[in-house]
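Trainee: Have a look at this one.
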Amino acid sequence: MKNKSSRRQFILKACLLHLVYFLDMPWLKRMKAEKYFPGWKKFQNNVIPGKSSDLIVLNDRPLNAETPPHLLDGDLTPNELFFVRNNGIPPTTIDKENWIVEISGESVIESKKYTLIELQQKFPKVTLPITLECGGNGRSEFNPPAKGNQWKVGAVGCAAWTGIRLRDLLEDVGIKQDAVYLGYYGKDQHLSGDPNKNSISRGVPIEKAMENESLLAWSMNGKDLPLMNGYPLRLVFGGYPASASGKWVHKIVIRNRIHDGAKMEGQSYRVPCNPVAPGSKVAEEDMCIIEKMPVKSLITYPKSGATILLKQKLPVRGYAWTAARNIQKVEYSIDFGQTWILAKLFPAENRYAWQKFSTRISFPKKGYYEIWARATDSDGLSQPMLLPGWNPKGYLNNACHRIAIKVVNG
Amino acid sequence: MTNQDSITLLKKIRTRIVWIKVSFTALLLILVFLVVESYLPYEPGTPHTTLKNKENTFEIQNGIHIPTGLNAGSGFETTKSVCLACHSAKLITQNRATAEGWKEMIVWMQETQGLPDLGDKEEEIINYLATYYAPIKSGRRPLLDTSEIEWYTLNMEE
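Protein sequence lines, in the order shown, are assigned to chains A and B.
Read left to right, the first sequence gives residues 7 to 416 (this note's numbering).
Read left to right, the second sequence gives residues 2 to 159 (this note's numbering).
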């Protein structure tokens with residue numbers, strides 16, 4: 007009997023092994039395997055750890071991937087669908103139990119160190135939905151083109167972050183009166199592999215760090231942070247370019263001047279202080295740090311390309327967000343801005359969480375349509391239909407999102 | 002074991018053998034189909050590549066070097082060996098710039114990312130990049146690319 011069962015096991019194992027090799031065949035990868043085996047892509051080795059294979063990979067070294075807009079159709083973006091923006095190589099060995107954060111810099115009274123567990127036990131725990139958006143989201147539309155990752159519309163997401171308020175932590179450390187800026191250091195490695203170089207070390211003004219919604223977070227949507235989103239500990243600052251929200255944070259510095267870490271200076275995450283003509287050269291001293299992400303919205307349902315019948319009323323929904331207090335209204339147009347109609351707008355739980363909008367649209371006759379969405383925030387600012395001010399690095403494109411619809415008789 | 006028993010057993014074995022043979026043939030056919038399918042053109046409508054230019058289908062298709070996605074035009078080899086030593090080819094393929102713009106990116110990499118002087122390779126690389134990855138004029142807002150839209154029939158939720 008024993009012999010028989012071990013033989014069966016052997017055959018089973020052999021079959022499994024063959025199956026694994028079969029799925030890993032390069033020739034299989036090159037064909038439209040998804041057509042024959044739906045869902046097979048998940049078996050591939052080249053998916054991003056902890057991430058859905060539905061993400062659009064823009065760059066694999068460093069890893070950068072965005073979410074197709076129709077997959078952002080929810081109040082909270084699932085961890086596996088949240089976009090990835092890496093400047094360096096994520097750390098490979100992470101000891102969560104012994105993770106230490108050092109708080110130092112010219113403007114702390116005394117440097118202190120906390121383990122992650124101490125942070126979790128000592129300070130009040132908060133969970134807040136907050137939208138993070140890459141400063142370069144929408145870069146691909148700029149003309150003349152701007153260099154860097156050519157993000158389309160999906161370098162944005164809204165997750166429920168659990169952690170502590172930075173304010174509570176900084177009060178415990180003790181901050182001097184001359185504090186100006188908070189800077190972070192993460193455990194990611196510079197692309198060159200040089201341990202003396204930081205891939206990115208940015209931050210926010212101290213007033214921003216003290217805001218009610220400024221967090222040091224260890225959890226995303228009730229789960230550990232995905233490695234690609236900063237496991238085990240990251241900063242979360244809504245309304246700022248997401249690059250301010252450092253990942254894999256092991257050191258926070260409180261500076262008596264604007265932080266001068268990697269990608270704080272030069273042209274990175276800066277726009278011309280005064281508007282410039284498209285294609286202009288702008289000197290470094292004329293570039294100012296981005297401190298506010300503009301009002302923006304995305305249509306998340308339906309997916310662009312929907313064909314419907316003339317008699318049908320099309321349900322449409324999406325999300326709008328801003329660095330201002332909140333969104334005041336979202337309108338849509340099916341005639342390229344000749345008429346704008348109000349959509350229903352839902353309130354958010356807190357500042358910086360994105361706000362849902364929804365509507366139902368009847369079309370007057372058959373044909374090709376585009377649905378354009380336009381949000382207006384509490385500062386009275388709304389989204390342009392054309393591209394906003396050109397800037398050398400292609401930041402802050404908040405032009406209206408649009409989807410294509412075909413209406414046929416019936 | 003009675004005679005009758007042996008006959009039924011033999012019959013059973015025979016049907017099983019037939020089944021095994023049928024399944025093996027089916028599996029074999031599927032495998033052959035998959036292999037052949039993988040050499041058929043990826044885009045519908047493009048000319049058929051036969052098994053004869055197998056070498057080409059592996060490396061270069063329609064002027065594109067498949068493993069990297071780079072244009073296989075003049076200067077490709079140098080660009081590949083110099084640039085891809087440090088970063089992904091996607092950093093090239095997703096960007097567009099003039100010769101001047103590409104030169105600026107090289108200078109930026111030299112100043113901040115530790116790229117050494119490229120010597121006489123620089124001209125070849127810049128020429129390659131400015132030729133195959135030149136800017137496309139798109140006005141103040143590009144049109145929705147209707148050729149890229151995958152049209153589908155929407156099943157209404159309610």
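Ideal placement from N, C-alpha and C gives every residue a C-beta, glycine not left out.
Every value quoted in this text rests on a predicted model; they were computed, and no experiment measured them.
Assign M157 (chain B) to one of two classes, buried (16 or more other C-beta atoms within 10 Å of its C-beta) or exposed (fewer than that).
Mentor: The residue labelled residue 157 (chain B) in the question sits at position 156 within the second sequence. With fewer than 16 other Cβ atoms within 10 Å, it is exposed.
Trainee: Just to make sure I have the definition right: I need the residues of chain A whose C-beta is within less than 8 Å of the C-beta of Q114 (chain B). Which are they?
Mentor: Position 113 of the second sequence, counted from the start, is the residue given in the question as residue 114 (chain B). By Cβ distance, chain A contributes L197 and S198.
Trainee: Please list the segments of the beta strand (DSSP E) lying wholly inside the segment 192-260 of chain A, counting only runs of 3 or more residues, in order along the chain.
Mentor: Runs found: 209-211, 221-226 and 240-242.
Trainee: Once DSSP output is grouped into helix, strand and coil, what is the label at C164 (chain A)?
Mentor: Reading the first sequence from its first residue, position 158 is the one you call residue 164 (chain A). The answer is strand: DSSP assigns C164 (chain A) an E or B state.
Trainee: What does the Cβ neighbour count give for Q5 (chain B), buried or exposed, with the cut at 16 atoms within 10 Å?
Mentor: As a working note, residue 5 (chain B) is residue 4 in the second sequence. By the neighbour-count rule (16 or more Cβ atoms within 10 Å), Q5 (chain B) is not buried but exposed.
Trainee: Mapping the DSSP letters down to three states, classify I65 (chain B) as helix, strand or coil.
Mentor: Here residue 65 (chain B) refers to the residue found at position 64 when the second sequence is read from its first residue. Reduced to three states, the DSSP call for I65 (chain B) is strand.
Trainee: Which residues, in chain order, does the segment 342-376 of chain A contribute to contact with chain B at a C-beta distance below 9 Å?
Mentor: Taking 9 Å as the Cβ-Cβ cut-off against chain B, the residues of the segment 342-376 of chain A that qualify are Y374 and E376.
Trainee: Within its chain, find whatever has a CB closer than 7 Å to the CB of G154 (chain A); leave out the 5 residues flanking it on each side and keep chain order.
Mentor: The residue given as residue 154 (chain A) occupies position 148 in the first sequence. Around G154 (chain A): G142, R145, K399 and G400.
Trainee: If you reduce the DSSP assignment to three classes, tell me which class L144 (chain B) lands in.
Mentor: Along the second sequence, one-based indexing puts residue 144 (chain B) at 143. DSSP places L144 (chain B) in coil when its eight states are reduced to three.
Trainee: Is there a Cβ from chain A that is less than 9 Å from the Cβ of P143 (chain B)?
Mentor: Residue mapping note: residue 143 (chain B) aligns to position 142 of the second sequence, counting from 1. Closer than 9 Å: yes.
Trainee: Cβ of K269 (chain A) versus every heavy atom of the ligand SAH: is any distance shorter than 8 Å?
Mentor: Here there are no bound small molecules, and the ligand SAH is not part of this structure.
Trainee: Any chance you could list the beta strand (DSSP E) runs of at least 3 consecutive residues sitting entirely within the segment 129-160 of chain A, in chain order?
Mentor: Runs found: 132-139.
Trainee: What residues in its chain sit with their C-beta under 6 Å from that of W254 (chain A), if we drop five residues either side in the sequence?
Mentor: By one-based count along the first sequence, residue 254 (chain A) stands at place 248. Closer than 6 Å at Cβ, skipping near neighbours: P97, G192, K193, D194 and G236.
Trainee: Taking just the CA atoms, how far does E112 (chain B) sit from W327 (chain A)?
Mentor: Locating residue 327 (chain A) in the first sequence gives position 321, where the first residue counts as 1. Locating residue 112 (chain B) in the second sequence gives position 111, where the first residue counts as 1. Roughly 37 Å separates the two Cα atoms.
Trainee: With respect to the alpha helix (DSSP H) encompassing E125 (chain B), which residues constitute its N-terminal and C-terminal limits?
Mentor: The residue labelled residue 125 (chain B) in the question sits at position 124 within the second sequence. Note, E125 (chain B): alpha helix (DSSP H), K122 to Y133.
Trainee: Taking I458 (chain A) as the reference, give the member of A:H407, A:M293 and A:V301 with the closest Cα.
Mentor: Summary: the structure shown does not reach residue 458 (chain A), with chain A confined to residues 7 through 416, and so no result is reported for it.
Trainee: Which residues of chain A have a Cβ atom closer than 8 Å to the Cβ of I14 (chain B), listed in chain order?
Mentor: Start at 1 with the first residue of the second sequence, and residue 14 (chain B) comes out as number 13. What I14 (chain B) touches in chain A: nothing, since even the nearest Cβ is about 18 Å away.
Trainee: Rounded to whole angstroms, how far is the Cβ of I314 (chain A) from the Cβ of L155 (chain B), which I believe are closer than 8 Å?
Mentor: Position 308 of the first sequence holds residue 314 (chain A). Position 154 of the second sequence holds residue 155 (chain B). About 5 Å; that satisfies the 8 Å criterion.
Trainee: Rank A:L387, A:P321 and A:K229 by C-alpha distance to the C-alpha of T306 (chain A) and give the top, closest one.
Mentor: Within the first sequence, numbered from 1, the residue matching residue 306 (chain A) stands at position 300. Selected option, being the one with the closest Cα: A:P321.
Trainee: Express the C-alpha separation of V63 (chain A) and E147 (chain A) in angstroms, rounding to a whole number.
Mentor: Start at 1 with the first residue of the first sequence, and residue 147 (chain A) comes out as number 141. Start at 1 with the first residue of the first sequence, and residue 63 (chain A) comes out as number 57. Their backbone Cα atoms lie some 18 Å apart in a straight line.
Trainee: Taking Cβ positions only, does R208 (chain A) come closer than 9 Å to chain B?
Mentor: Position 202 of the first sequence, counted from the first residue, corresponds to residue 208 (chain A). Not closer than 9 Å to any Cβ of chain B, the Cβ of R208 (chain A) fails to qualify, so no.
Trainee: Is T79 (chain B) closer than 9 Å to K22 (chain B) when the C-beta atoms are compared?
Mentor: Counted from its first residue, the second sequence places residue 22 (chain B) at position 21. Counted from its first residue, the second sequence places residue 79 (chain B) at position 78. Cβ atoms of K22 (chain B) and T79 (chain B): not closer than 9 Å.
Trainee: Can you tell me which of the three DSSP states R17 (chain B) falls into?
Mentor: Position 16 of the second sequence, counting from 1, holds the residue named residue 17 (chain B). Here R17 (chain B) sits in helix by DSSP.
Trainee: List, in chain order, every chain A residue whose beta-carbon is nearer than 7 Å to that of K91 (chain B).
Mentor: As a first step, residue 91 (chain B) is located in the second sequence; it is residue number 90 there, counting from the start. Neighbours of K91 (chain B) on chain A, chain order: L64, N65 and D66.
Trainee: What does a CB cutoff of less than 7 Å around A100 (chain B) pick up in its chain, not counting 5 residues either side in sequence?
Mentor: Position 99 of the second sequence, counted from the start, is the residue given in the question as residue 100 (chain B). Correct list, in chain order: I127 and A131.
Trainee: Report the neighbours of A289 (chain A) on chain B: residues whose CB is nearer than 9 Å to its CB, in chain order.
Mentor: Within the first sequence, the letter at position 283 stands for residue 289 (chain A). Going along chain B, no residue has its Cβ under 9 Å from A289 (chain A), so there is no contact; the nearest lies around 14 Å.
Trainee: Anyone know if the C-beta pair for R97 (chain B) and I137 (chain B) falls short of 9 Å?
Mentor: Within the second sequence, numbered from 1, the residue matching residue 97 (chain B) stands at position 96. Within the second sequence, numbered from 1, the residue matching residue 137 (chain B) stands at position 136. Contact flag set, yes.
Trainee: Taking only beta-carbon positions, decide if L320 (chain A) is within less than 9 Å of chain B.
Mentor: Within the first sequence, the letter at position 314 stands for residue 320 (chain A). Closer than 9 Å to some Cβ of chain B, the Cβ of L320 (chain A) qualifies, so yes.
Trainee: Between the segment 78-87 of chain A and the segment 111-122 of chain A, are three or more C-beta pairs nearer than 8 Å?
Mentor: The segment 78-87 of chain A vs the segment 111-122 of chain A: no contact.
Trainee: I want to see whether chain B comes within less than 9 Å of Q15 (chain A), judged by CB atoms only; does it?
Mentor: Translated into the one-based positions of the first sequence, residue 15 (chain A) becomes position 9. Not closer than 9 Å to any Cβ of chain B, the Cβ of Q15 (chain A) fails to qualify, so no.
Trainee: In whole angstroms, give me the CA-to-CA distance for A67 (chain A) and E105 (chain B).
Mentor: As a working note, residue 67 (chain A) is residue 61 in the first sequence. As a working note, residue 105 (chain B) is residue 104 in the second sequence. Strictly speaking, residue 67 (chain A) in this sequence is Arg, with Ala absent from that position. Approximately 21 Å, taken between the alpha carbons.
Trainee: Excluding the 5 residues preceding and the 5 following K203 (chain A) in the sequence, name in chain order all residues of the same chain whose CB lies nearer than 8 Å to its CB.
Mentor: Residue mapping note: residue 203 (chain A) aligns to position 197 of the first sequence, counting from 1. Here the set comprises H196 and A268.
Trainee: Between K47 (chain A) and S58 (chain A), what straight-line distance do the alpha-carbon atoms span, to the nearest angstrom?
Mentor: The residue you call residue 47 (chain A) lines up with position 41 of the first sequence. The residue you call residue 58 (chain A) lines up with position 52 of the first sequence. Note that K47 (chain A) has pLDDT 49, beneath the 50 cutoff, so the model's placement of it is unreliable and the number below is only indicative. Rounded to the nearest angstrom, the two C-alpha atoms are 10 Å apart.
Trainee: Quick one: which chain A residues come within Cβ less than 9 Å of E151 (chain B)?
Mentor: Within the second sequence, numbered from 1, the residue matching residue 151 (chain B) stands at position 150. Per Cβ cutoff of 9 Å: K309, S310 and G311.
Trainee: Name the chain B residues that come within less than 8 Å of Q393 (chain A), Cβ to Cβ?
Mentor: Locating residue 393 (chain A) in the first sequence gives position 387, where the first residue counts as 1. The amino acid occupying residue 393 (chain A) in the given sequence is Leu; Gln does not appear at that position. Chain B residues near L393 (chain A): R141 and R142.
Trainee: If contact is defined by three or more beta carbon pairs under 8 Å, each pair taking one atom from either stretch, is the segment 168-185 of chain A in contact with the segment 254-263 of chain A?
Mentor: Judged by Cβ distances under 8 Å, the segment 254-263 of chain A makes contact with the segment 168-185 of chain A, as three or more pairs qualify.
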